[in-house]
Amino acid sequence: MDISTEELKSVSVMAVSGRVDSATAPDLENALKKLVETEKTQIVLDLKSVEYMSSAGLRAMVSTLKAVKRLNGDLRLASPSPRVEEVLRLAGLTSIFSIFASRDEAVASF
Amino acid sequence: MARKLTVPGRYDRLEQICAFVAEAAAEAGLDEIESSRCQLAVDEACTNIIEHGYDGEDKGQIEITCDARPGELMIAIQDWAARFDPTSVPDPRLDSTIEEMAIGGLGLYFMRQVMDAVEFSYENGVNKLTLIKRK
Numbered sequence: 322m323d324i325s326t327e328e329l330k331s332v333s334v335m336a337v338s339g340r341v342d343s344a345t346a347p348d349l350e351n352a353l354k355k356l357v358e359t360e361k362t363q364i365v366l367d368l369k370s371v372e373y374m375s376s377a378g379l380r381a382m383v384s385t386l387k388a389v390k391r392l393n394g395d396l397r398l399a400s401p402s403p404r405v406e407e408v409l410r411l412a413g414l415t416s417i418f419s420i421f422a423s424r425d426e427a428v429a430s431f
Numbered sequence: 049m050a051r052k053l054t055v056p057g058r059y060d061r062l063e064q065i066c067a068f069v070a071e072a073a074a075e076a077g078l079d080e081i082e083s084s085r086c087q088l089a090v091d092e093a094c095t096n097i098i099e100h101g102y103d104g105e106d107k108g109q110i111e112i113t114c115d116a117r118p119g120e121l122m123i124a125i126q127d128w129a130a131r132f133d134p135t136s137v138p139d140p141r142l143d144s145t146i147e148e149m150a151i152g153g154l155g156l157y158f159m160r161q162v163m164d165a166v167e168f169s170y171e172n173g174v175n176k177l178t179l180i181k182r183k
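Here the protein sequences come in this chain order: P and L. Counting from 322, one number per residue, gives the positions in the first sequence under the working numbering. Counting from 49, one number per residue, gives the positions in the second sequence under the working numbering.
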C-alpha cells in the first residue's frame, strides 16, 4: 500500500493505492490520524487505485470519520473501484460516507 | 485439484493467502468478482484467527486447502488456537449512526454474505472453517 497526501485549498487529499488489509490498515489509520492531529479535518480519501480492501480498512476509515465529525470536519470518499464499493455496501457504509465519482467532485463538495 | 498452503499466522501473509485463493478460484472457473469475494472471506477468516484465535501474530500456523472443481471452490482453513464458537460473535450494527457504529463482527458477517456455505467445526484440537463458493 502507498499513501500520498496533498493540500488543495482547505482540503487534504489522501490518495491510497494497493491493498488495504490487516497488514496495511494500521498505516492508513496512522496517516489519517496525523492529519486530524494537525487540525486537517476536511479530508478526501481517493480510493481510485485501491485494488483490495477488507474490513480492517473500513475500521480505519470509520474511526477517522468519527474523529473528524467531532471537530465539524468530514472524511469524504472519491472514486472507489467496484470491488471496494461492494465492501462498503456490504458493511452498510454507503449511507454513512459521502461518496463521489471523482476526486475533483469530492474536493469541490467542501 | 486440491492445493495446500501453510503459513505462520501473520498479517503480512494475507497477500500471499489471497493470491493462493485467486489461483484456485481461476482453476474452478470463477469470475473476478467471485474470486475477490473468496479472497475477502479467507482474509477475514485468517485475520480473525490471528487477532482473536491466536491473540496476536506469530503464535501459530494457519493451513489453507483449496479444492477446485468445475464451477465450485471449496476452501478449508485450519488453525490450532482455542475452540472458536461462532455463536459468541454478535452481528455488526449496520443500521447504527456513525457514533454508535463499531466495526466488530464484520469479518464473520462478510463471510456469510459473500460465500454460499460457511461451516465451523472443532475436532482433536483443530478449528476447521469450510467455505464454499459456487459459480
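Using N, Cα and C, we set each Cβ at its ideal position, and we do this for glycine too.
For Leu53 (chain L), the beta-bridge partners assigned by DSSP are L:Ile112.
Distances from the alpha-carbon of Glu92 (chain L) to those of L:Glu80, L:Ala70, L:Leu154 put L:Leu154 closest.
Counting C-beta atoms within 10 angstroms of its own C-beta, Met335 (chain P) has 16 or more neighbours from the protein chains shown and is therefore classed as buried. Where Ser338 (chain P) is concerned, the enclosing beta strand (DSSP E) starts and stops at 332 to 341. Ala399 (chain P): not part of any alpha helix (DSSP H); member of the beta strand (DSSP E) spanning 395 to 399, first to last residue. In summary, Asp342 (chain P) is buried, with 16 or more beta-carbon neighbours lying within 10 Å of its beta-carbon over all protein chains present. Within the segment 95 to 109 of chain L, contact with chain P at the beta-carbon level (separation under 7 Å) is assigned to Thr95. Assignment of Met374 (chain P) by DSSP, reduced to helix, strand and coil, places it in the strand class. In the displayed model, Lys181 (chain L) falls within a strand according to three-state DSSP.
Separation of the CB atoms of Val408 (chain P) and Leu368 (chain P) is rounded to 10 Å, and the pair is thereby denied contact status at 8 Å. If you ignore the 5 residues before and after Phe158 (chain L), its C-beta comes within less than 7 Å of the C-beta of Leu88, Ala89, Glu92, all in its own chain and listed in chain order. DSSP places Ala129 (chain L) outside both helix and strand once states are collapsed to three, so it counts as coil. Taken through DSSP and simplified to helix, strand or coil, Val383 (chain P) comes out as helix.
Inclusion of Asp133 (chain L) and Ile110 (chain L) in the CB contact set at 8 Å is not warranted, their separation being larger than that value.
Take Leu53 (chain L), set aside five residues on each side of it, and the residues of its chain with a beta-carbon closer than 6 Å to its own are Phe68, Ile112, in chain order.
Using a C-beta cut-off of 8 Å, the segment 373 to 389 of chain P makes contact with the segment 338 to 358 of chain P, since at least three inter-stretch Cβ pairs fall below that distance. Setting aside the 5 residues that flank it on each side, Tyr373 (chain P) is surrounded in the same chain by Arg340, each with a C-beta closer than 6 Å to its C-beta; the list follows chain order. By the neighbour-count criterion, in which a residue is buried when 16 or more other Cβ atoms sit within 10 angstroms of its Cβ, Asn96 (chain L) is buried.
Under the three-state reduction of DSSP output, Ile65 (chain L) falls in the helix class.
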